[in-house]
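Residue numbers (the numbering used here), protein chains in the order written: chain A, 108 to 383; chain B, 794 to 1172; chain C, 5 to 309. All residues carry an ideal CB built from backbone N, CA and C; glycine is no exception. Here the structure is a predicted model, which is why all the values come from computation and not from measurement. A short worksheet on the structure shown next.
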Ligand SMILES: Nc1ncnc2c1ncn2[C@@H]1O[C@H](COP(=O)(O)OP(=O)(O)OP(=O)(O)O)[C@@H](O)[C@H]1O
Ligand SMILES: [Mg+2]
């Protein structure tokens, strides 16, 4: 290795490290603040690391607001959305990929057109509809608007279109009904698509603030990001430690999920490019 | 008994199958033979219920099942690509058709099946059946593997196992050996014959390899351009081909066609003048002579020149050119003395085993070559 | 021999019913949740409908006129464009640099490259609202780390989130922070798809300096990816909401009001459904135009030289 490559490598690593440090700073600061005592936080002196691990902030966070409730809501809502999205998208994608039927181009055209519509666009009429149905401030209001995932249909269709037709025919001969083929053959065979889609969906809905703010005002039904806002507005900025503890608690599940399933995350981004 | 009655299949404007009628006896081994694109797979798919004919009907054991979907027909099929379920291990692949046939919805449900006694009992039975099939096909050691971890031959066996494990009306096999190498193909061919004997089931086999068809079948249906041109036993097809094309398709060595003119029952051609046992009405005939019924002979007059000799050990073939430039192939059973390339030779053939076809229509003429009155060189 | 069960329905009817069962629910859901609402938004945008009101009037383009003449309306449009105008180039340039760096590191040390990739991607997975509260701490005028550090260097700190001139830029900076990792992943995929032999060819042609190789090979080959990343970044920045709602609520004095936040405020706080619909339509037209731009450019195959 000559000197030039060596310097260029060293420089690359140097700059990347600085960049990464800046990007990760908020994470570090969040955890650091969440472990500091109020005195440390409000002292004018700059300390990067907490003097001791002060876990009271976490205890306070759970006591002052129903943080566990927010987390549970998040799990329920994300789980519910994902479940229904799959129930709707997978059979439809299978039919689009492997069956010939009248109107196939129309349905697929709808999917492609639907990809162009950000969900903010439909907010006003859907809110009106939910209000009509007296569904505001319910789990249904959080889940229902998202059950038709065109991105999900698109992703599954692309994947299922690569399954050999013989495979589907083999299943038919083996006595599987079309619905059984969907769930026993096509869906498991499209497992990578399912994983990618699940991650995409969970990340989007766990982190979403826009829709919960529109349909939920009841703190008992708040999703984690909304919970953080409730917390912050309630404490008017004086209780930094617990707030940071809450932020850490809310962020941790997805960060963990990301670290475990990094490959699928990245694939999800590359594929979700189409959705934006 | 499986019966196809006047099946027609069109894709848009193109007719892929035309007036296909075929009867498959229970327990028989029937082969659909034909070149690529002749409609064999389409026929098989119609029998399986994967495709619906445009008109005509499919009968299974006297029942019209034309409208029944594949899942309702209890027919097993082995695909050319094997079509193993990629996400299941070998055991799962073989068990699935059993579970689908024998268990009800509740018993198949993912978690419930662990609790229901009936489901557990059935699952137990299934495992025993799967294992006995695996033993028979010698794939026991592969049961825990995924299809992606199998070789072509192993996949083939698993696909067979998946078909064999239940008790279907018939086995449909769509070119199951074509993805295997020559040696394995020969071995599997033998095993398939054994399997057919042992199970006594109806086999419907699709291939474009006439040797495979000839060696395995009770009945062969020859497909050409979407019609069955002839059906019969291998012996029938070999000895009494219905058309020139069939004659050309069947047989290890390509048949020799000799164009001749006819007057009444007298035939003139490059090999000499022959007499037919009956007069025919057409003007030209084609006499088909298989290389294996021809001989180089020193008794007849010289009428060919040896262009090429190929030696295979147990036999040899010689290609001769006639005076009109046509090439004729001859199989030499006796390989102790081979003719020299370039030497001149006489040719003769077993007259009774020559086939006569109408030169215009290509159809078989029901006449025999009775005698040779003069050979070519004497003209 | 097992018997064959005969179906009650002819094959065609049975197939049609199956297709309906497979496709019907999703199609119905798409209609009810996407297409009908999208049409309704367009219709509502020409009315003065208020949530809960018994009746409404057709007021033509008045909502749109208000949006583009009224001070707050104009602000929201302008702010959104301003925000995007910062985030798009900054995020793209930074993420391209990072992606090239990580790509280079990957060529000699995979683990190291993966660590970098993970670090840069982390903000994408994190809950933006939670992270926004952290930024609020970091940017606090007196206690925030940013100002303390700036003080130490000798540059006076700023009131990042309450200064009308600064607030939008601050939000844009957070936007860049949030999107760099996302774009990096897209660029990495683009870089990975550039065939090696092109670099070797460039080297033979004398373009052996890193900079020259970038201009002769990397940049032209990244054309489609760049366009793609640009459209995605633009759509994402037009949608900015979480940081605004958490940190500024559009303030101070509408200095950080954006389209989606304005839509939220007008529609769901002031319940002016008609006006909110008009804002929605403008937002939608922006996003739609961008996507069309991508389609048109991709169709013409301008890229790949
Ligand atoms: N779904 C379809 N649409 C249109 N044409 C089709 C379709 N399926 C088959 N064909 C046509 O029908 C003809 C017969 O096809 P088939 O698959 O039955 O042939 P095959 O005898 O099995 O050939 P091979 O030996 O290559 O498998 C072909 O010309 C094919 O192009
Ligand atoms: Mg075929």
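Buried versus exposed call for residue i [16 or more other C-beta atoms within 10 Å across all chains shown]
i, result
"residue 862 of chain B", "buried"
"residue 382 of chain A", "Note that residue 382 of chain A scores 47 on pLDDT, short of 50, meaning its location in the model is unreliable; the coordinates nonetheless yield the value given after this. So residue 382 of chain A counts as buried."
"residue 783 of chain B", "Lying outside 794 to 1172, the shown extent of chain B, residue 783 of chain B is not represented and no answer is given."
"residue 53 of chain C", "buried"
"residue 175 of chain A", "exposed"
"residue 1120 of chain B", "exposed"
"residue 114 of chain A", "exposed"
"residue 339 of chain A", "buried"
"residue 371 of chain A", "buried"
Distance CB(residue i)-CB(residue j) smaller than 9 Å
i, j, result
"residue 291 of chain A", "residue 889 of chain B", "yes"
"residue 108 of chain C", "residue 229 of chain A", "no"
"residue 179 of chain C", "residue 95 of chain C", "yes"
"residue 33 of chain C", "residue 204 of chain A", "no"
"residue 871 of chain B", "residue 810 of chain B", "no"
"residue 1156 of chain B", "residue 1123 of chain B", "no"
"residue 259 of chain C", "residue 151 of chain C", "no"
"residue 337 of chain A", "residue 182 of chain A", "no"
"residue 277 of chain A", "residue 877 of chain B", "yes"
"residue 202 of chain A", "residue 195 of chain A", "no"
"residue 227 of chain A", "residue 131 of chain C", "no"
"residue 126 of chain C", "residue 191 of chain C", "no"
"residue 264 of chain C", "residue 245 of chain C", "yes"
"residue 357 of chain A", "residue 142 of chain A", "no"
Proximity test, Cβ basis, 9 Å: residue i and chain C
i, result
"residue 208 of chain A", "yes"
"residue 321 of chain A", "yes"
"residue 365 of chain A", "yes"
"residue 860 of chain B", "yes"
"residue 823 of chain B", "no"
"residue 227 of chain A", "yes"
"residue 274 of chain A", "no"
"residue 296 of chain A", "no"
"residue 267 of chain A", "no"
Any C-beta of chain A under 9 Å from that of residue i
i, result
"residue 23 of chain C", "yes"
"residue 1004 of chain B", "no"
"residue 5 of chain C", "Only weak support is given to the placement of residue 5 of chain C: the predicted model assigns it a pLDDT of 40, under 50, and the question is left unresolved by the model."
"residue 166 of chain C", "no"
"residue 214 of chain C", "yes"
"residue 139 of chain C", "yes"
"residue 868 of chain B", "yes"
"residue 1172 of chain B", "Residue confidence is low: residue 1172 of chain B scores 46 on pLDDT, short of 50, so the model does not pin down where it sits. Its coordinate-derived value is still stated next. Output row for residue 1172 of chain B: interface = no."
"residue 246 of chain C", "yes"
"residue 963 of chain B", "no"
Cut-off 6 Å between Cβ atoms - residues of its own chain near residue i, not counting five sequence neighbours on either side
i, result
"residue 165 of chain A", "352"
"residue 235 of chain C", "294, 298"
"residue 867 of chain B", "961, 962"
"residue 1075 of chain B", "1151"
Below-9 Å beta-carbon distance, residue i vs any chain B residue
i, result
"residue 26 of chain C", "no"
"residue 192 of chain C", "no"
"residue 18 of chain C", "yes"
Neighbourhood of residue i by C-beta distance below 7 Å, restricted to the same chain and skipping five residues each side
i, result
"residue 753 of chain B", "The first residue shown for chain B is 794 and the last is 1172, placing residue 753 of chain B beyond what the model contains."
"residue 1040 of chain B", "1034, 1048, 1081, 1148"
"residue 335 of chain A", "353, 354, 357"
Interface residues of chain C facing residue i [CB-CB closer than 7 Å]
i, result
"residue 845 of chain B", "15"
"residue 119 of chain A", "105, 108, 109"
Residue i: contacting residues in chain A (beta-carbon distance under 9 Å)
i, result
"residue 988 of chain B", "Simply none; closest approach about 18 Å."
"residue 791 of chain B", "Look at the range of chain B in this structure, 794 to 1172, and you will see that residue 791 of chain B is not part of it."
Proximal residues to residue i (C-beta, below 8 Å), its chain only, five neighbours per side dropped
i, result
"residue 823 of chain B", "815, 817, 995, 996, 997, 998, 1010, 1011, 1012, 1013, 1014"
"residue 905 of chain B", "899, 912"
"residue 363 of chain A", "none"
Beta-carbon neighbours of residue i, restricted to chain A and to distances below 8 Å
i, result
"residue 80 of chain C", "Correct list: empty, because the minimum Cβ distance to chain A is about 14 Å."
"residue 893 of chain B", "281, 282, 283, 287"
Per-residue contacts from residue i into chain C (C-beta, under 8 Å)
i, result
"residue 255 of chain A", "30, 33, 34, 36, 37, 38"
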